[in-house]
Each structure stands twice: as structure tokens, then as C-alpha cells.
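Here the numbering used here = 1-based position in the sequence shown + 33.
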Amino acid sequence: MSTNLTTKSDVLSKDEEIGYKVSGDDTKRYGVNVISGEDHKTKKESVEEQDNYIKPQNEEEGYALRAVTKYLKVQRSWISTRNKIENSRSCEGKGVYVYEIPSKFNRDLLVDCIDMVPWTNMCKFFKNDGFGEAIENLGQGWFRTHQYALEPILHSRVLKHPCRVYKESQAKLFYVPFYGGFDVLRWHFKNVSNDVKDRLGIEVLKWLGSKESWKRNAGKDHVFVLGKISWDFRRNKLYWGSSFLDLQDMQSPTRLLIERHPWEVNDIAIPHPTYFHPKTDYDITSWQEKMTSKPRRNLISFAGGARPGDPNSIRSTLIDQCTLFSDQCRFLNCSDGSCDKPENVIKLFQDSEFCLQPPGDSPTRKSVFDSLISGCIPVIFDPYTAYYQYAWHLPEDHKRYSVYINQVDVKEKRVNVVEKLMTKTPRQREYMRSYIVHHLLPGLVYGDSNAKFDRFRDAFDITFDNLIEKINKLV
């Protein structure tokens, strides 16, 4: 689903002057004074940088874009600095409580794996705590992980969190193991009423509503992990999805998703699960060494399929440009099933300097993270693919890890992507890849359920450290 700025006026107020000033209420609500007079220069620079991505067509779009920047700044203010000022392994003030909710809200949903979607048996993806079947020929820690497997993966990790507590009174953070993404997915291809689609989400909130721990802070210290995109839980006039995130009781908790609503500050985007789930520091360092020394035979690669029915898609143009420069660009056609084997995709990315990442059904792509952990520099065409999403896991300076090419320029044939990327020098490419592999990679993967890292913080660790920081500021 593309992001339509002009439909978001319902969440913006011109009186608020988003991006220029923030009221005292905002300071209390978010735990940070987002834009002050002292921040004027930073604000101006961020708006100018934003305009490099999207040129607002009217005043309303301008307000919407400034709101995106505002909320990302708020989310970055919640990034934990504990590892810099104290022992990050300490559990003082970091207790995590896991609700034991009825199994109908999580594990029972996986029982429907055989016919959850019409074209494949999902059961194989639920093995190994949601990692899927092992991929032996890629080495230690590689699995056939489904793009929507975030819920069971994080559930298994939270159950073994070193700061897990078993008394609600000792908790700073409350985790609700509701598999809302699979609840949506199981009805996606079935002819059922909206009442049926919404029933389980309403029931889990009713169950929580009886708990004093929920009532105490109206859910502000609670977190839900939802393994699909935010729009799938905000059914409007669309026929799919639920209205779970539009329910009143869901406005205060934090929602972890693979793709956030850009105008919802409590929607936190965290990385799509990749196929790599290391267990030890050695698993990470050995992979880093391999990715920095690996010869890159292709300058560019694109793993995807055309979208002939989508007039806004640039995929066909990218495929044409790629195949025209076949000596520089390799195309893996996902339309014929070539991408169903993770080995094909990962090996292609390992052999490539740049990986093209155009939007698909929605702006974000699992492939962005598969390319990053393979040392392949992602080429981004829509800022909502990464830059307006992953405030906790990707740096604000996107030039350090990606190349941005405006999709409008591609669509209108004002730029040839292959020719543009050919201007990047080997030194530039090596610098970016070194930063990706050594600085970003460990924080983009979800470690094994029994992972023990001494040198690194993986995506799970970063996420829960920042959740604690958020709650410390807001509750």
C-alpha cells in the first residue's frame, strides 16, 4: 500500500503547526520537547532534508511531512544510552513481565497453519520458535524465516529475557503475547464479517482490562508485538485487516511492527526478521568477516517481480534498465518462484554491491534487511521504505548505509539507476559496506532463542532497552 499524504488530515491540526512548535502537553505526553527555539536550525535542516525526498504538493502535505519528522525525533529521544553510562546487563529498573494469556490469543492461532493462506502450508515456518526450517548450506544460524514471523520469534526471546520478572509489582514493562498479525492473516483470504475479524482483538483487551497492572497506567507501560504492517490493523474502507489499532484502548500501549504508521508516535517499526539468527558472538563476527572479504561480482542486483497492474510501480522500469545493462546488473525474477528459496536471494545479495529496493505492496521490504546483512548496499526509492520507519535501528544519516533515488525520477525516466550507481567509486562502496557490516548488522538480526552475546546487542536487545527508556520517560 502506498502512503498517501493527502488522506492524513484527520491526524493533523494546522493550529498545532507540526514541526515548528510543540506544546507543553506534547512535552508531558512524549517525554521530550520536540522542537524548541534552540532547535530551530536542526528543525530547518530536517525539513530541508525531508524535501529532498518528497516535494509537498500543497499545504496539507507539508504539515503531514513535518509531522513525520516530529514523531521520528520523538522516537529517537527514547533510544537508550544505558550501555554507555552503566552496565547494560544490569536488571535494575528493567523488569519485564510476560502475561500468561489464554492460548487462543497466540499459540492456538498457529494450529491453523495448514490453510492459513491458500498457496502454501505455513506450518514449516513455525518450527524452531518461529525461525522456520534450518538452511544447512548457508551455515550456522540460518533458517527459512517467514516475513510475518516476528510474533513467535520475539515471544520466545521475551520468555528468556534476563530481566524477566514473575510478579507484576516488580515490572517496568509488560509484554502482551497476542499474535494479532496471525489473527489478521488467518481471515485475510476467507469470506467472514468484520465482526469476526475484530473479535479476538477486542477479547484480549477485555481480558487485560480486568488487570490492575493495565489500569494503573492505562496501558502506557505495555507493549504489543504485531508481525504485519500497521495498515493491516487499521481497517478503513478496505476489505482486509482488523481495526485493532484504532480501538481506544490501543492508543496508549507501544506497538512494535515491521512497518509503522508514520503519523502514530506509539507505532515503533523494528526490523523485518531476516534468515540469519546467530547464537553467539562468533556467529556474528565470522559472518562479518565473510561479508567484508566476499568478492562482489555484480555491481547491481534486483530480486523482485514486475507489478504490471500497479500504475505507480517503478519495478518494470527497473527491470528494463537492469536487463539492458546485463553486464552490470543481475535480475532475479521472483514472479517465477526463484525467490522462494532464501539461498537464491542471499547468494545474489552476497555477490552484489548494490541491491535495488523499490516498494511492493507497501513501502517497506524484508529484502532491505536481507541485503544489509549480506553487505549489499540498499538502493531506496521511497523514504517510507526505511528513512521514515526504523528510528531505533537505522541511523538518521541514511547516506552512511544506502543510496536514495527518487522514484518519481525513475518513473518519469529522468534518471537511469544503473548509470547513476556506476558513478559510485570502489572506495565509496567499501566504506559504506564496512559501516553496514560492522556497525549495523548485529543490531538488525534477531538472535537464536538461546542466544548469548557479550560483545553485541541484537535487534531484540536494542528494542527492549529502548522500550524501558521510553517508559522511564513517560510513566
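Beta carbons are placed, not taken as given, at the ideal position from N, Cα and C, and that holds for glycine.
Here the structure is a predicted model, which means the values were calculated and not measured.
Identity of the residue in the options nearest residue i by Cα
| i | options | result |
| --- | --- | --- |
| Asp514 | Lys485, Leu405 and Arg219 | The requested residue 514 is not part of the displayed model; the chain covers only 34 to 508. |
| Glu445 | Gly338, Ile347, Val198 and Arg490 | Ile347 |
| Phe207 | Gln180, Asn250, Val436 and Val107 | Asn250 |
| Asn483 | Lys239, Pro151 and Ser189 | Ser189 |
| Lys193 | Leu289, Arg268, Tyr272 and Gly128 | Gly128 |
| Trp152 | Glu297, Asp373 and Asp314 | Asp373 |
| Leu500 | Glu201, Lys205, Glu94 and Lys106 | Lys205 |
| His305 | Gln422, Asn505 and Val101 | Gln422 |
| Leu241 | Ser263, Asp282, Val436 and Leu259 | Asp282 |
| Val150 | Asn224, Asp279 and Val298 | Asn224 |
| Ile262 | Ala424, Ile413 and Ile301 | Ile301 |
| Glu236 | His310, Ser226, Lys248 and Gly213 | Gly213 |
| Val450 | Asn91, Ile112 and Val436 | Val436 |
| Gln284 | Val107, Arg267 and Arg330 | Arg267 |
| Glu292 | Asp494, Gly342 and Thr418 | Thr418 |
| Pro396 | Gln354, Glu376, Cys355 and Gln440 | Gln440 |
| Asp481 | Tyr130, Phe309 and Glu245 | Phe309 |
| Gly234 | Ile87, Ile134, Ile168 and Asp360 | Ile134 |
| Asp487 | Ile112, Pro311, Val191 and Val443 | Pro311 |
| Glu376 | Gln361, Val107 and Ile168 | Ile168 |
| Arg329 | Arg363, Pro341 and Pro344 | Arg363 |
| Thr102 | Asn345, Gln354 and His294 | His294 |
| Tyr132 | Trp273, Ile303, Gln354 and His255 | His255 |
| Pro286 | Ser319, Trp320 and Ser246 | Ser246 |
Segment limits, alpha helix (DSSP H) that includes residue i
| i | result |
| --- | --- |
| Pro185 | Leu183 to Leu192 |
| Val129 | Run containing Val129: none in the alpha helix (DSSP H); it sits in the beta strand (DSSP E), Val129 to Val131. |
| Ser319 | Asp314 to Ser326 |
| Arg99 | Glu92 to Arg109 |
| Phe215 | Gly213 to His221 |
| Val443 | Gln440 to Lys444 |
| Arg433 | Looking at the DSSP string, Arg433 is not in any alpha helix (DSSP H), and its letter there is neither H nor E. |
| Arg140 | Arg140 to Leu143 |
Whether residue i touches residue j by CB criterion (8 angstroms)
| i | j | result |
| --- | --- | --- |
| Ile333 | Phe387 | yes |
| Asp145 | Arg219 | yes |
| Ile186 | Tyr479 | yes |
| Leu2 | Phe222 | The displayed coordinates of the chain run from 34 to 508. Any statement about residue 2 would go beyond what the structure contains. |
| Ile147 | Asn139 | no |
| Leu365 | Thr496 | no |
| Asp394 | Thr307 | no |
| Val198 | Phe257 | no |
| Leu477 | His431 | no |
| Trp264 | Tyr104 | no |
| Leu280 | Phe335 | no |
| Leu507 | Lys248 | no |
| Gln180 | Lys380 | no |
| Glu429 | Arg109 | yes |
| Pro475 | Asp491 | yes |
| Lys453 | Ile438 | yes |
| Phe489 | Asp314 | yes |
| Glu184 | Gly95 | no |
| Pro391 | Gly337 | yes |
| Leu473 | Tyr420 | no |
| Lys239 | Ser275 | no |
Run of the beta strand (DSSP E) containing residue i, from where it starts to where it stops
| i | result |
| --- | --- |
| Thr397 | Premise fails: Thr397 is in no beta strand (DSSP E) and is neither H nor E. |
| Ala336 | Asn331 to Gly337 |
| Val229 | Unbroken run through Val229 is the alpha helix (DSSP H), Asn227 to Gly242; no beta strand (DSSP E). |
| Glu386 | Ser385 to Gln390 |
| Asp300 | Asp300 to Ala302 |
| Val450 | Looking at the DSSP string, Val450 is not in any beta strand (DSSP E); the run it does join, the alpha helix (DSSP H), is Val450 to Leu454. |
| Ser413 | Rather than Ser, the amino acid found at residue 413 in this sequence is Ile. Unbroken beta strand (DSSP E) run through Ile413: Ile410 to Ile413. |
| Cys367 | Premise fails: Cys367 is in no beta strand (DSSP E) and is neither H nor E. |
| Leu206 | Leu206 to Val209 |
- Item | Unbroken stretches of the alpha helix (DSSP H), 4 residues or longer, contained in the stretch 463 to 508 | 492 to 507
- Query: Can you list, in chain order, the stretches of the alpha helix (DSSP H) that have 4 or more residues and sit fully within the stretch 244 to 295?
  - Reply: 245 to 249
- Message: Counting beta carbon pairs with one atom in the stretch 365 to 374 and one in the stretch 160 to 167, are three or more of them shorter than 8 angstroms?
- Response: no
- Which whole runs of the beta strand (DSSP E) in the stretch 152 to 184 are 3 residues long or more, in chain order? none
- Any chance the stretch 455 to 471 sits against the stretch 173 to 185, with 3 or more Cβ pairs inside 8 angstroms? no
- Item | Sufficient close CB pairs (3 or more, under 8 angstroms) joining the stretch 315 to 327 to the stretch 406 to 416 | yes
- Which residue spans inside the stretch 341 to 382 form an unbroken beta strand (DSSP E) run of at least 3? 362 to 366
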